[in-house]
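Residue numbers (UniProt numbering), protein chains in the order written: chain A, 1 to 326; chain B, 1 to 326; chain C, 1 to 362; chain D, 1 to 362.
The beta-carbon is built from N, C-alpha and C at its ideal position, and this holds for glycine as well.
Below is one structure, written out as structure tokens, with a few remarks after it.
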Ligand SMILES: Cc1ncc(C[n+]2csc(CCOP(=O)(O)OP(=O)(O)O)c2C)c(N)n1
Ligand SMILES: Cc1ncc(C[n+]2csc(CCOP(=O)(O)OP(=O)(O)O)c2C)c(N)n1
Ligand SMILES: [Mg+2]
Ligand SMILES: [Mg+2]
């Protein structure tokens, strides 16, 4: 087993599936000889050739659109969008075509496409490089939306995404790309795409998060433990379809829930989870649900981005608030 | 005062602002001599000329993108997207530019743009013509998102949208375009863009809705009244910024809330309202919140679209369910 | 100043509006056995269109887009395709679809608001109709790439309209296809209108064929009402694509003789007299006249053909109207290959609460 | 077969790589008073670039995109603009921005992660840097339309890269501009790389100038390292646009001598020897050689210029580094003209909870 950071785990998963399944092709900007701007595809073109690791011209609409055509004709394209802010030109093809090709043709054609993109702020990147668009995709019927928060989950979830027969939006938190390493067995074992991962058990409060914020949330849980507050930490990982059962079960025990995400608050995916709690978990809630999120502002440029991101302090404060409501 | 249906009210509001403010220009496909496929712009090119009522080539990205350029240079463009399914190519410009031009330039440039588009199902339209994308826009910081549900509100809200100094997404429920008429005074009086409208008072349950579903919701309230259940009906109208105060106040009195929208359930804007209730209204809730929504499926073609849409029966059933939880 | 690039756009016509050859004809056009099937297909398409519009007018079909006056384009191109090739159509391409083996009943189901109309029993790999303008050109380029990668001798053939050539997808896809040298043929049905927007307001380019130059591929314009010119150009382009020569763009110049769709009223924005003039150039009579000159066609055959077409169309309409509506559960079928557990409750609710309204045709 | 369209693309160069005239020069190029300001601006840009990269390397600036080797494009074009015209730049266009009156301190603030860097004190109507590739071409076309509608004699001048010409926005915007005959000039800085993707993989078109043909407008290619050719072409295009002649496309052929940005390492994907060769063609020495030939330049003036440029850049760096970080409330300022009540609580929270991390440069 190798010690890998998240981007290396992605690279291993891609290589594994390329070697296993000749239908897998990668396409995107600078993914070939350059190995991707974040190095996700480093070495892959050398190994699998330029016909399967395709450096495209600069056009995200066509990257998504041609990938759909490839997928419909039996390939398993994994398309890379270089930075999060450039994923919007793919929306039309993702929503109007990828998500519904199977439905429209009653299963005659399908779209086993993976759309990979970095997401999130925190690396002092230029404008339009710090977006968290997961809620936009999670609203679209027919898609799967996955966000890993550790190297091993990145590896297992990406394998699952590539093998899935339907379109998967796979968002990778850039801030985690190189933040830490973990033992990852390159054993081709996929993780399930329809469950949350409970990272830590606790009885006082349930912390629900995904992506880079799982890191902050775990740190907050450490701090809380020192204060004698035992937090359960759930990494949602697959936002769509949502495994609400795990969250309801946990909140059923703790009676309290704090949801943490980096995207803007209004209409963020935290709202969906909180809404489900208000519908199906109401009688178990001992205190108001709390959302700790990015503000409803444009993600600011580098000098203010850490003022935008939910901090450990904000998470801890929210937990304290739910405990007051006892 | 004239009796107008919703599309006529739109037409009157456009004409009023075109006459009042020379900076207002309209652009879109078939909006000129053809008067728009739904007739929103009927007669306007004849009256205000082809330079202000601009029939564009067929390209939604450029419709949004050029409108942003116009807005930045002092015009007040009102761009029409012909049908709801063709709004997705505008997302990149709306999110990356329109919503943040003011922010990025610290107020030096701004984007007083209105993007009008039909929305919703229920008129047996072809594929991709029945979308309800409001939640996608409502998640984007810097935008306003408005959906009228009656001719008079359409008139007053559209005036406000055009006069607003920032970008407004203005979604018009096609099913209401010709469903009913109402007295509308063409008096240039705008309605506020930051309040919900309480259409009916009641003490037993709060029904919250917007767009075409306000109609179903009001019918449901009638049915409920016959059963002795007094429902308060709130038309959210402006989803962003959300006037949560009015909803909280109402639910504070009724203790029960049913949210009705046509868009797919998961990540729909109903989630945001329910989440706020779980956060700020928890202690007033006497029963779980209910969301009555479109299913998490592709909006089906005509033969099944009414199976997809929330029905009066579903709304009434949801209200009964909240009353059981007493 | 040095000239570093020279380009030209050619226009081809073989049969003039009266059906007279204007230049030596390609071989296939000398053989009535080759032409008669094309003629039959055009007449069938027109019969189908007439019937579909009638169904819509009587509330038995949804919005419908007829191909009136543009039949030579779909028929001429589809006839140049192999069964192994893949058609990537827009909503006005049933002429081509029917040639490919899509049934009229399927087409009616689709326009009648039933997804099953896109589950073609015949050409299983052909794409469904594409409504979002020009997006299909990207899909076609991707499909072509799949064929190329697997070294299959198949070609992706894509249609769009004059309006569609304004959309970014079209240019991006041509550019991708050209860089890949993929087996892609893109056919522009320039019927001179995009709903109410005339060709002159759609682009300042003097031809649409010249948009190929932006991608560095070949583009040509043909008389889209002359099926010989259309078929000839399509054969050349498809052959070229199949043999590794990369993509081509064909602009087929025609005219939309009908309304944009049944939801449109073209008299609001165009002069009926001009439309009338264009009837002089329409493709069906043109080919018939030529066949008559070849002594390969006569009134009896015409009568018989019309009868056959009517029968076939009527049979399809019967099948269509007899198709029971889909059940509410169909909304959840094929949403994913396996419906996620998270959606089971919603499907159950749909089955339980299904209202009685709706479900009718159109 | 009839030829119905003929097109040609011209290439213009006045000064060869050694600074020798290859053909009769336009008037302005005979006048050192006209040329020296351009030379100064190119040297200033290069000095600024060098300093900005150094700041980034020492953690005092964020990712930065240098214009190394492409200075003649921005300077030559901006010098042809009137103050009333509007610049619509990409992220590599500070050569043009500085000419327009954007200050170096503003530019550094922007790249240092501070939105205030886009609040230009000088050219108030110029657009901020555009990062999403090619989207700015749409904005420029819209701006041009606004000028046209108000009958203002202003021109929108837009820059993008060779990679940007693959994006739908570029084609759509050119097409709109052309249909409107709007006062729009689009300049492609063809520096032959889009990060690691060479020009040859970006498009199969032999020139990028020919993409103009798709929109039915004029396109030309110039030697982008010859400021005389660039400035000449820009003057003509801007003059044409201003006088109602509609849009033009200028492809300025240059070479990216540096990395794509400071976040890039070009040695991973391109041969340093080839880069070395391209130093032979670079624009600054070329113009200097020509000025020397005119007896309008000498080592003393060069030395003085270098000193002045260094001083100006250093002063800007000081201003930049002395600028205190924005306060957290700035996130909410200018989000809307008036902050909606729904956001007051969030702003208060941001002010209250502002963490101590972050806020540094870059
Ligand atoms: C992206 C998109 N925008 C708008 C529409 C609505 N619409 C349907 S057909 C049409 C005109 C298309 O004209 P053209 O491409 O010339 O094809 P034609 O209908 O003439 O065959 C428009 C605007 C659409 N279907 N897709
Ligand atoms: C829509 C979009 N996609 C991707 C990127 C990331 N990106 C930044 S620069 C660049 C290459 C641009 O190349 P080119 O247009 O030639 O301009 P140059 O950088 O060479 O000046 C890419 C892919 C982006 N900024 N915008
Ligand atoms: Mg057309
Ligand atoms: Mg470049």
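*If you check the beta carbons only, do residue 196/A and residue 166/A fall under 9 Å apart?*
The beta carbons of residue 196/A and residue 166/A sit no closer together than 9 Å.
*In whole angstroms, what is the alpha-carbon distance linking residue 239/A and residue 269/A?*
Those two C-alpha atoms are separated by around 8 Å.
*Partners in chain A for residue 328/D, counting only beta-carbon separations shorter than 8 Å*: Chain-order list of chain A residues neighbouring residue 328/D: 304 and 307, by C-beta distance under 8 Å.
*asked:* Extract the residue ranges of the alpha helix (DSSP H) inside the segment 26 to 58 of chain C, only unbroken runs of 4 or more that lie entirely within it.
replied: Within the segment 26 to 58 of chain C, the complete alpha helix (DSSP H) segments at least 4 residues long are 32 to 57, listed from N- to C-terminus.
*May I ask whether a heavy atom of ligand 3 can be found less than 8 Å away from the beta carbon of residue 236/C?*
Placement of the Cβ of residue 236/C at a distance of 8 Å or more from every heavy atom of ligand 3 is found.
_Cross-strand partners of residue 158/C (DSSP beta bridge)_ = Bridge partners of residue 158/C: 88/C and 186/C.
*Going by the beta-carbon positions, is the gap between residue 101/C and residue 127/C smaller than 9 Å?*
Not in contact: residue 101/C and residue 127/C (Cβ atoms no closer than 9 Å).
*Using the Cα positions of residue 200/B and residue 58/B, report the straight-line distance between them to the nearest angstrom.*
Using only the alpha carbons, I get a separation of about 43 Å.
*Specify the secondary structure class of residue 298/B as computed by DSSP and reduced to three states.*
Three-state result, residue 298/B: coil.
*Comparing the C-beta of residue 234/C with each C-beta of chain D, is any distance below 9 Å?*
No Cβ of chain D is located within less than 9 Å of the beta carbon of residue 234/C.
_For ligand 1, I want to know if residue 95/A counts as a neighbour, meaning its beta carbon is within less than 8 Å of at least one of the ligand's heavy atoms._
No - ligand 1 has no heavy atom lying nearer than 8 Å to the Cβ of residue 95/A.
*How would you list, in chain order, the residues of chain C whose beta-carbon sits under 9 Å from the beta-carbon of residue 263/B?*
Near residue 263/B there are no residues of chain C at all, since even the closest Cβ is about 14 Å away, more than 9 Å.
*Spatial neighbours of residue 129/D within its chain, please: CB distance less than 6 Å, with the 5 preceding and 5 following residues excluded, ordered by chain position.*
Cβ neighbours of residue 129/D beyond the five flanking positions: 89 and 91.
*Below 8 Å CB to CB, which residues in the same chain sit around residue 161/D once its five sequence neighbours on both sides are set aside?*
For residue 161/D, same chain residues with a beta-carbon under 8 Å away, outside a window of 5 residues either side, are 90, 92, 133, 188, 189, 190, 191 and 194 in chain order.
*Span of the alpha helix (DSSP H) holding residue 270/B?*
Here the alpha helix (DSSP H) through residue 270/B covers 269 to 280.
_ligand 2 heavy atom lying under 8 Å from the CB of residue 203/D_ = Residue 203/D Cβ: outside cutoff for every heavy atom of ligand 2.
_Rounded Cβ spacing between residue 49/A and residue 43/A (contact assumed at less than 8 Å)_ = With 8 Å as the limit, residue 49/A and residue 43/A do not qualify as a contact, their Cβ atoms being about 12 Å apart.
*What span of residues does the alpha helix (DSSP H) with residue 48/A cover, start to end?*
Counting along the chain, the alpha helix (DSSP H) containing residue 48/A begins and ends at 44 to 48.
*So which residues of chain B does residue 332/C contact, with C-beta pairs closer than 7 Å?*
Under the 7 Å cutoff, chain B gives 297.
*Does the pairing of the segment 37 to 51 of chain D with the segment 232 to 245 of chain C give three or more beta-carbon distances under 8 Å?*
Not touching, per the Cβ criterion.
*asked:* Counting only Cβ pairs nearer than 8 Å, list the residues of chain B close to residue 96/A.
replied: Simply 85, 88 and 128.
_Just to make sure I have the definition right: I need the residues of chain D whose C-beta is within less than 9 Å of the C-beta of residue 148/A. Which are they?_
Taking a Cβ-Cβ cut-off of 9 Å, residue 148/A has no neighbours in chain D, whose nearest Cβ is about 23 Å from it.
*Should residue 190/A be listed as close to ligand 2, given that the test is whether its C-beta is under 8 Å from any heavy atom?*
No; taking the cut-off as 8 Å, the Cβ of residue 190/A has no heavy atom of ligand 2 nearer than that.
_Closest by C-alpha distance to residue 54/A, when choosing among 27/A, 229/A and 205/A_ = Taking only the C-alpha atoms, the option nearest residue 54/A is 27/A.
*Would residue 137/D pass as a contact of residue 99/D if the rule is Cβ separation under 9 Å?*
No.
*Could you name the residues of the same chain whose beta carbon sits closer than 8 Å to that of residue 290/A, not counting the 5 residues immediately before and after it, in chain order?*
Once the five neighbours on either side are set aside, the close Cβ partners of residue 290/A are 257, 258, 259, 318, 319, 321 and 322.
*If I'm right that residue 79/D touches residue 38/D with Cβ under 8 Å, what's the distance once you round it to whole angstroms?*
About 6 Å; that satisfies the 8 Å criterion.
*How about the segment 227 to 237 of chain C and the segment 229 to 239 of chain D: do they share at least three Cβ pairs that are nearer than 8 Å?*
The count of Cβ pairs closer than 8 Å, one atom from the segment 227 to 237 of chain C and one from the segment 229 to 239 of chain D, stays below three, leaving the stretches out of contact.
*Could you pull the start and end residues of the alpha helix (DSSP H) that residue 283/D belongs to?*
Residue range 283 to 293 is occupied by the alpha helix (DSSP H) that includes residue 283/D.
*For residue 278/D, go through chain B and note every residue whose CB falls closer than 9 Å to its CB, in chain order.*
Listed along chain B is no residue with a C-beta nearer than 9 Å to that of residue 278/D; the closest approach is about 33 Å.
*Is the beta carbon of residue 154/D sitting closer than 9 Å to the one on residue 85/D?*
Taking C-beta atoms as the reference points, residue 154/D and residue 85/D count as a pair closer than 9 Å.
*Using 9 Å as the limit for Cβ to Cβ distance, is residue 381/B near chain D?*
Only positions 1 to 326 of chain B appear in this structure, which leaves residue 381/B out of reach.
*asked:* Mapping the DSSP letters down to three states, classify residue 206/B as helix, strand or coil.
replied: In this structure, residue 206/B counts as strand in the three-state DSSP scheme.
*What are the complete beta strand (DSSP E) segments, minimum 3 residues, inside the segment 45 to 92 of chain A?*
Whole beta strand (DSSP E) segments, 3+ residues: 53 to 55 and 76 to 80.
*6 Å Cβ shell around residue 321/D - same chain, five flanking residues per side excluded*: No residues qualify anywhere along the chain.
*Starting from the C-beta of residue 272/A, find all residues in its chain whose C-beta is less than 6 Å away, skip the five residues before and the five after it, and write them out in chain order.*
No residues qualify anywhere along the chain.
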